[in-house]
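Asker:
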Amino acid sequence: MHVAPPDPASDRPPYEQLRVQIARRAASGELAPGTRLPTVRALAAELHLAANTVARAYRELESDGVVVTEGRRGTSIAPSDVAFSGEAGTAAASYAATARRLGLGLEEAQDLVARAWPSGR
Numbered sequence: 019m020h021v022a023p024p025d026p027a028s029d030r031p032p033y034e035q036l037r038v039q040i041a042r043r044a045a046s047g048e049l050a051p052g053t054r055l056p057t058v059r060a061l062a063a064e065l066h067l068a069a070n071t072v073a074r075a076y077r078e079l080e081s082d083g084v085v086v087t088e089g090r091r092g093t094s095i096a097p098s099d100v101a102f103s104g105e106a107g108t109a110a111a112s113y114a115a116t117a118r119r120l121g122l123g124l125e126e127a128q129d130l131v132a133r134a135w136p137s138g139r
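Numbering (our numbering), first residue to last: 19 to 139.
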C-alpha cells in the first residue's frame, strides 16, 4: 500500500493529513475492507515521520470506525458494516432518515450535503 507523505506546507497537522488520505481511500473502495495497513513503525519510516504521528492517525481512524486493530494481527481496513457503525455512519443514517421524513429524494439530499460542504476540502 502506497501512502503519500504529508505536505509540510499544509495547515493540517501530518497525522490529520494521513488520517484523511486513508479514510478517503477506504471510503472510495480503493482500500478494500480487510486490506492490511503497514505497521506504525514501517509507515513512519517510509514517510519520515515520528511513530507517534502515525500511531495517532491510526487511533483516529479506529475511533472513526475506518480501521480495526487486532493486536499482533495488525491494523486493517474495517469491514463495511463496522465502518458504517462509526460516527460518520451514524450521522449519515440520521441525515438520511431526516431527509426521507421531509420528503427529499436521494439527489436532493446529496445536493444539500454538497452545498453545505466547505469549499477547498
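Here a beta-carbon is modelled for each residue, glycine too, at the ideal position from N, C-alpha and C.
Tell me, which residues are paired with Val86 by DSSP?
Answerer: Its beta-bridge partners are Ser94.
Asker: Check whether the Cβ atoms of Glu78 and Val86 sit closer than 9 Å, and answer yes or no.
Answerer: Contact flag unset, no.
Asker: Mind pulling the alpha helix (DSSP H) runs of 4 or more residues that sit fully within the region 45-81?
Answerer: Segments of the alpha helix (DSSP H) lying fully in the region 45-81: 58-65, 69-81.
Asker: With a threshold of 9 Å between beta-carbons, can Ala44 be considered close to chain B, or not?
Answerer: Absent from the structure is chain B; it holds one protein chain and no more.
Asker: So Val84 and Ala73 are supposed to be a Cβ contact under 8 Å. How far apart are they, rounded?
Answerer: Going by Cβ atoms, the distance from Val84 to Ala73 rounds to 15 Å, so no, they are not a contact pair.
Asker: Round the Cβ separation of Ala63 and Thr71 to the nearest angstrom and send it over; I've been treating them as touching at under 8 Å.
Answerer: With 8 Å as the limit, Ala63 and Thr71 do not qualify as a contact, their Cβ atoms being about 12 Å apart.
Asker: Buried or exposed for Gln35, please, with buried defined as at least 16 other CB atoms from any protein chain shown within 10 angstroms of its CB.
Answerer: Gln35 comes out buried.
Asker: DSSP three-state label for Asp29, please.
Answerer: Looking at Asp29 - three-state DSSP - the assignment turns out to be coil, as it is neither helix nor strand.
Asker: Helix, strand or coil for Ser137? Go by DSSP, reduced to three states.
Answerer: Looking at Ser137 - three-state DSSP - the assignment turns out to be coil, as it is neither helix nor strand.
Asker: Thinking just about the alpha-carbon of each residue, which of Arg118, Pro51, Leu65 is nearest to the one in Pro23?
Answerer: The shortest C-alpha separation from Pro23 is found at Leu65.
Asker: Between the alpha carbons of Ala109 and Arg90, how many angstroms are there, rounded?
Answerer: Their Cα atoms are separated by approximately 32 Å.
Asker: Do Met19 and Arg42 have their CB atoms nearer than 9 Å?
Answerer: Against a cut-off of 9 Å, the Cβ pair of Arg42 and Met19 comes out as no contact.
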